[in-house]
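Below you'll find the structure, written out as structure tokens, and then a few comments.
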Amino acid sequence: MSLNLPRLILADEHRSGKVPSGVLIATALKELGYKIKLFVGNADELTIRSLQVLCSQPVTLLDPVLCDGRANLRWLFESAASPDCLNLVLTNLGGRILEDAPFKVPKECVLLSDWLDCDVVPIIYSDASSTLTVRSVAAALRQIEGGGKPVRAILFRSILNNREYELVDREAGRTFTAFSIGSMPRVVERDSPTLLQLCSDSAASAALPIRSAAKQLLGMKQLVNWALFSAIAQAAPAWPRQPRLCEPITDSGKVNIAVVKHPVLSIAGDGTEILLRVLGCNVVDIPLVGDITHSVPIHGVYLPHGLAYMVLPKFFGNIYLKTMLTRGSTGGSFLFAEGGSSAILGDSITLPEGQGEGRGFGILPFSSIYRRATFGNIKKMTASSRKANPLLTGSRESVAGYASDSYATESSGEGDECWTVTDPADKNKTSPDGWCRDRILATSMRIEPWSAPDLFRRWLEG
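Quick note, the working numbering runs 389 ahead of the 1-based positions in the sequence shown.
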């Protein structure tokens with residue numbers, strides 16, 4: 390049996406410090422009343438958080454490299470997508486490192502087009518001559534279509550004026566069969582806010598220039614054919630139902646996993662929560678701030694990756710959460726803290742930029758050091774077992790994930806780490822990471838459980 394899952398990939402030419410056009414498009418489509426489900430196709434915390442703030446809804450990370458295979462990614466997409474929505478995947482189209490360098494499309498973009506079996510709309514900068522713009526389009530199309538999926542539509546951004554758009558559109562029309570959805574003028578270009586700003590109490594204010602740019606773009610009649618985004622998505626082939634890669638947990642309906650909720654703990658998306666539900670667990674939202682209203686027993690706690698140091702006092706002010714963590718540390722409960730939240734389960738915490746020191750709950754024996762919260766240099770990694778731990782119990786088992794300079798932590802202990810992290814770009818470059826005891830795990834990586842759903846299931850089941 391097949392599903393109707395309207396889907397479309399928006400691939401943005403990368404420019405450092407600039408808001409991706411896909412973010413403006415998603416915001417505008419939401420403003421127009423379209424029901425959208427949002428995905429980000431590469432590990433990009435800033436884009437994920439921007440979409441959360443601007444569109445006021447969850448975002449799912451859908452990175453083919455982190456998912457470690459076609460079957461895993463398609464199962465995740467089917468689990469998160471909705472037949473009633475325009476399922477919109479924003480990803481990086483790549484670009485040129487130097488002006489005279491070749492245009493390079495990252496493999497994530499090509500794999501998404503192939504594995505999701507849907508259209509990619511490249512969004513190309515047109516702030517140079519029409520000849521150079523068309524050359525960039527040609528290079529991008531050649532690499533995307535090398536994966537077997539023809540490109541039917543393109544969008545131009547940073548157009549100086551209508552005359553420039555006419556020139557580039559005419560030149561592109563002579564060269565490609567792909568048609569233009571329109572142009573986004575240079576006046577709607579915006580500098581991107583920082584991840585720190587978008588995780589602060591003033592996130593709405595930091596995102597206001599982007600929201601204003603989306604409204605400004607909507608007011609410029611006939612520059613962008615908005616209806617075509619939905620039309621192209623609706624034309625995607627029927628989606629064959631994906632086979633389960635592992636079965637739900639035995640008696641999983643009785644397993645209640647508490648997920649700690651706060652905006653600063655959302656920058657990796659909702660993929661882990663989706664897998665928890667797919668495996669049959671009941672996900673119980675535990676707000677870090679505010680009233681807790683559930684009345685079911687809790688069998689495990691998940692602390693999602695984020696800039697947890699920004700709200701460190703709130704963890705200790707939440708008596709319910711403090712009690713859950715304390716109880717979990719003394720028994721066989723599932724406890725999982727990843728990335729920027731891993732320090733919560735450790736001992737001393739050195740805060741960034743001379744802000745002093747804090748304390749974790751002391752559940753695991755390690756110390757953490759936060760560096761300055763910036764965006765960039767996300768590095769994808771693979772973790773393999775170093776000694777017995779609750780996720781990787783076999784010597785040949787591994788899980789994918791990433792680390793970022795937005796939340797770096799360091800251990801003060803030597804030799805107690807539970808796995809070895811390998812940089813896929815340099816397999817000789819390894820480092821220890823992760824701390825565990827029984828079914829408790831803290832890791833400075835943000836792991837992608839969809840890279841190994843069967844291992845995650847085994848860990849949950851205990």
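Glycine is no exception: its CB is placed at the ideal position from the N, C-alpha and C atoms.
As the structure is a computational prediction, the values presented were derived from the model and not from experiment.
Let me check one thing: in DSSP terms, what residues is residue i bridge-paired to?
{"i": "Phe618", "result": "Answer by DSSP bridge pairing: none, since Phe618 is not bridged."}
{"i": "Ser737", "result": "Arg748"}
{"i": "Thr832", "result": "Glu727"}
{"i": "Phe568", "result": "Ala542"}
{"i": "Lys424", "result": "Answer by DSSP bridge pairing: none, since Lys424 is not bridged."}
Could you give the residue range of the beta strand (DSSP E) that holds residue i?
{"i": "Asp812", "result": "Trp808 to Asp812"}
{"i": "Pro821", "result": "Asp815 to Asp822"}
{"i": "Ala527", "result": "Careful: Ala527 lies outside any beta strand (DSSP E), inside the alpha helix (DSSP H) at Ser519 to Glu534."}
{"i": "Val478", "result": "Leu475 to Gly483"}
{"i": "Pro511", "result": "Val509 to Tyr514"}
{"i": "Leu399", "result": "Arg396 to Glu402"}
Spatial neighbours of residue i within its chain, please: CB distance less than 8 Å, with the 5 preceding and 5 following residues excluded, ordered by chain position.
{"i": "Pro754", "result": "Gly735, Asp736, Gly802, Asp805 and Trp824"}
{"i": "His651", "result": "Pro676, Leu677, Val678, Gly695, Val700 and Lys703"}
{"i": "Ile708", "result": "none"}
{"i": "Gln586", "result": "Ala592 and Ala595"}
{"i": "Gly658", "result": "Val429, Ile437, Pro447, Val448, Thr449 and Leu450"}
{"i": "Ala542", "result": "Asp508, Val510, Ala567, Phe568, Ser569, Ile570, Leu617 and Ile621"}
Please return the same chain residues whose Cβ sits closer than 6 Å to the Cβ of residue i, not counting the five positions on each side in sequence.
{"i": "Ala831", "result": "Ala726, Ser731, Leu734, Leu753 and Trp824"}
{"i": "Pro598", "result": "Arg579"}
{"i": "Gly484", "result": "Glu402 and His403"}
{"i": "Leu462", "result": "Pro453, Cys456 and Trp504"}
{"i": "Thr739", "result": "Glu746 and Ile758"}
{"i": "Pro582", "result": "Ala595"}
Considering only the beta carbon of each residue, do residue i and residue j sit closer than 8 Å?
{"i": "Ile398", "j": "Gly430", "result": "yes"}
{"i": "Ile621", "j": "Val649", "result": "no"}
{"i": "Ser370", "j": "Gln441", "result": "Residue coverage of the chain in this structure runs from 390 to 851, which leaves residue 370 outside it and unanswerable."}
{"i": "Ala567", "j": "Val540", "result": "yes"}
{"i": "Val644", "j": "Asn671", "result": "yes"}
{"i": "Ser833", "j": "Gly728", "result": "yes"}
{"i": "Leu394", "j": "Asn481", "result": "no"}
{"i": "Leu392", "j": "Trp615", "result": "no"}
{"i": "Ile513", "j": "Ser525", "result": "yes"}
{"i": "Ser773", "j": "Leu781", "result": "yes"}
Return the chain-ordered list of same chain residues with a C-beta closer than 7 Å to the C-beta of residue i, the five sequence neighbours on each side being excluded.
{"i": "Pro821", "result": "Arg775, Glu806 and Thr809"}
{"i": "Glu662", "result": "Val648 and Val672"}
{"i": "Ala602", "result": "Leu413, Val577 and Arg579"}
{"i": "Asp812", "result": "Lys768, Met770 and Lys818"}
{"i": "Trp839", "result": "Cys456, Asn461, Leu465, Gly660 and Leu664"}
{"i": "Val653", "result": "Cys588, Gly695, Leu696, Ala697, Met699 and Val700"}
{"i": "Arg459", "result": "Trp504"}
{"i": "Arg600", "result": "Thr416 and Leu443"}
Looking at C-alpha atoms only, which residue of the options is the closest neighbour of residue i?
{"i": "Ala814", "options": "Arg826, Pro779 and Lys768", "result": "Lys768"}
{"i": "Ile533", "options": "Val557, Cys507 and Leu521", "result": "Cys507"}
{"i": "Arg846", "options": "Gly535, Ala417 and Pro637", "result": "Pro637"}
{"i": "Ile425", "options": "Arg600, Ala596, Leu479 and Gly851", "result": "Leu479"}
{"i": "Gly790", "options": "Arg835, Gly751, Gly749 and Arg828", "result": "Arg835"}
{"i": "Val667", "options": "His683, Cys635 and Ile687", "result": "Cys635"}
{"i": "Asp489", "options": "Lys604, Cys498, Asp516 and Leu521", "result": "Leu521"}
Where do the ends of the alpha helix (DSSP H) carrying residue i lie?
{"i": "Lys859", "result": "Lying outside 390 to 851, the shown extent of the chain, residue 859 is not represented and no answer is given."}
{"i": "Gly608", "result": "Ala592 to Gly608"}
{"i": "Glu560", "result": "Asn551 to Thr564"}
{"i": "Leu844", "result": "Pro842 to Glu850"}
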